[in-house]
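Numbering (the UniProt record's numbering), first residue to last: 242 to 613.
Worksheet: the structure to be examined is printed underneath.
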Ligand code: G6P
């Protein structure tokens, strides 16, 4: 009913709007008065957490994209090697697992069969399994050693939105907690990142407050045949998520590429007026990547692409090469996915609506897939 949708026409629109709250709620109670993390629910003792020598993240769909972002953050902060694998591929390759492997299973529903089977396989090999889930008491958390719940609230729209952002938050918390316990970062450094994380709900809100031009852009592209997405570093999984949303909702051909791969093949796809969405990394920190992606944008534009560029506020360098510029609030590189994903969700949603589709119930898809 309209009341359930809180005045929105679709649950998806409501759930996109709820994201600042979902991010804040997932942080709530997990940061103490001294700015340190308290993740008692992880249940593994500090000694056990210190023994971990490898992390493998397993997930499907949007949750897999959260895992891809997590790899960058976890390896950077903890120096523990971290792999990310599609749950459906994981056990069939006979992965190398033992007691010192931490397997992190990310699943909104906690019921995805592919992910559940990966969890069972990992536990049979005596690995420790930490679930990141949104549904209390669901199967995956029940079968895992520990669970860190995301507090996004119920998500009804089939395409994951607010649960993706909260999965990112949960992954950041796990990474920072491991760094805190294992001492791979200075306490001040960790506290600074936690403070930046605490600022993210306001930044997500700001993206939503200034989203109207993205809607107009989406409507203007309703007849496009395909859209490409480019990113690098954590912007690459953001690009993958943008493309997935467009496939799921608008039934359009959408592909994401790591921008560095462009020259190894995908650039052949560029033709006149093809919309290409580019996620630009922040200039501070990873400035090398910023410059490289800038030349990618120039290359595709020279070949006629319609460039849609997502970059942080204050970055004027891309303006000359962007047909459409979408500014998001500045954030540290590793946290940028929390703001950069939001315009892509809105873009896909609005484009699907312009094409006359029901964004809450896309064809052929289920909210949770309980068969392998
Ligand atoms: C289905 C949904 C996707 C979701 C995936 C994983 O395919 O349509 O939106 O990302 O399952 O779901 P999970 O509940 O495990 O996160």
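We put the CB at the ideal spot given by N, CA and C, even for glycine.
The structure displayed is predicted, hence computed values, not measured ones.
For the candidate residues 299, 446, 588, whose alpha-carbon lies nearest to that of residue 600? In the chain shown, the residue the question calls residue 600 occupies position 359. Residue 588 is the option with its Cα nearest to residue 600.
Whole angstroms is fine: what's the gap from residue 511's alpha carbon to residue 554's? Taking the chain shown and counting its residues from 1, one reaches residue 511 at position 270. Taking the chain shown and counting its residues from 1, one reaches residue 554 at position 313. If you draw a straight line from the Cα of residue 511 to the Cα of residue 554, it is about 27 Å long.
Rounded to a whole number of angstroms, what is the C-alpha to C-alpha distance between residue 424 and residue 605? Numbered from its first residue, the chain shown carries residue 424 at position 183. Numbered from its first residue, the chain shown carries residue 605 at position 364. Whole-angstrom Cα-Cα distance: 47 Å.
By DSSP, does residue 495 sit in helix, in strand, or in coil? For the purposes of this step, residue 495 is identified with residue 254 of the chain shown, where counting begins at 1. Correct three-state label for residue 495: strand.
What runs of the alpha helix (DSSP H), each 4 residues or longer, lie entirely inside the segment 381-431? Every unbroken stretch of the alpha helix (DSSP H) spanning 4 or more residues and falling wholly within the segment 381-431 is given here in chain order: 403-423.
Residue 403 and residue 256 - do their beta-carbons sit closer together than 8 Å? The residue you call residue 256 lines up with position 15 of the chain shown. The residue you call residue 403 lines up with position 162 of the chain shown. Against a cut-off of 8 Å, the Cβ pair of residue 403 and residue 256 comes out as a contact.
What whole-angstrom Cβ distance do residue 445 and residue 264 have, given they're in contact under 8 Å? Translated into the one-based positions of the chain shown, residue 445 becomes position 204. Translated into the one-based positions of the chain shown, residue 264 becomes position 23. That pair is a contact at about 6 Å.
At what residues does the beta strand (DSSP E) containing residue 467 begin and finish? As a first step, residue 467 is located in the chain shown; it is residue number 226 there, counting from the start. Its beta strand (DSSP E) spans residues 467-472.
Taking 7 Å as the line, does the beta carbon of residue 610 fall inside it for any heavy atom of ligand 1? The residue labelled residue 610 in the question sits at position 369 within the chain shown. Yes - ligand 1 has a heavy atom lying nearer than 7 Å to the Cβ of residue 610.
Take every Cβ of the segment 403-415, pair it with every Cβ of the segment 297-313, and state whether three or more of those distances are shorter than 8 Å. Touching, per the Cβ criterion.
Which one or two residues does DSSP pair with residue 348 in a beta bridge? Residue 348 sits at position 107 when you count from the first residue of the chain shown. Beta-bridge pairing links residue 348 to 374.
Got a sec, what are the start and stop residues for the alpha helix (DSSP H) residue 356 sits in? By one-based count along the chain shown, residue 356 stands at place 115. If you look at residue 356, you'll find it in the alpha helix (DSSP H) that goes 354-365.
For residue 565 versus residue 549, is the C-beta distance shorter than 8 Å? Position 324 of the chain shown, counting from 1, holds the residue named residue 565. Position 308 of the chain shown, counting from 1, holds the residue named residue 549. Closer than 8 Å, so yes.
Nearest by alpha-carbon distance to residue 277: which of 347, 420, 359, 366 is it? Indexing the chain shown from 1 puts residue 277 at position 36. Residue 420 is the option with its Cα nearest to residue 277.
Are there 16 or more other CB atoms within 10 angstroms of the CB of residue 454, so buried, or fewer, so exposed? As a working note, residue 454 is residue 213 in the chain shown. Counting Cβ neighbours within 10 Å, residue 454 comes out exposed, since fewer than 16 surround it.
Can you tell me the Cα-Cα spacing of residue 390 and residue 350, whole angstroms? By 1-based counting over the chain shown, the position of residue 390 is 149. By 1-based counting over the chain shown, the position of residue 350 is 109. Computed Cα separation, rounded: 11 Å.
Anyone know if the C-beta pair for residue 529 and residue 551 falls short of 8 Å? On the chain shown, position 288 is the one that residue 529 refers to. On the chain shown, position 310 is the one that residue 551 refers to. No.
For the beta strand (DSSP E) that contains residue 326, what are its first and last residues? In the chain shown, counting from the first residue as 1, residue 326 sits at position 85. 323-327 is the extent of the beta strand (DSSP E) around residue 326.
Heavy atom of ligand 1 less than 7 Å from the Cβ of residue 349, yes or no? The count along the chain shown starts at 1 and reaches residue 349 at position 108. Yes.
Between residue 523 and residue 563, how many whole angstroms is the CB-CB distance? I'm expecting something under 8 Å. Position 282 of the chain shown holds residue 523. Position 322 of the chain shown holds residue 563. Rounded, the Cβ-Cβ distance is 16 Å, inconsistent with contact.
Give me the residue from 285, 409, 259, 341 with the minimum Cα distance to residue 482. As a first step, residue 482 must be located in the chain shown, where it is residue number 241. When only C-alpha atoms are compared, the closest one is 409.
Do residue 315 and residue 387 have their beta-carbon atoms positioned less than 8 Å apart in this structure? To locate residue 387, count along the chain shown from 1; it is residue 146. To locate residue 315, count along the chain shown from 1; it is residue 74. Taking C-beta atoms as the reference points, residue 387 and residue 315 fail to come closer than 8 Å.
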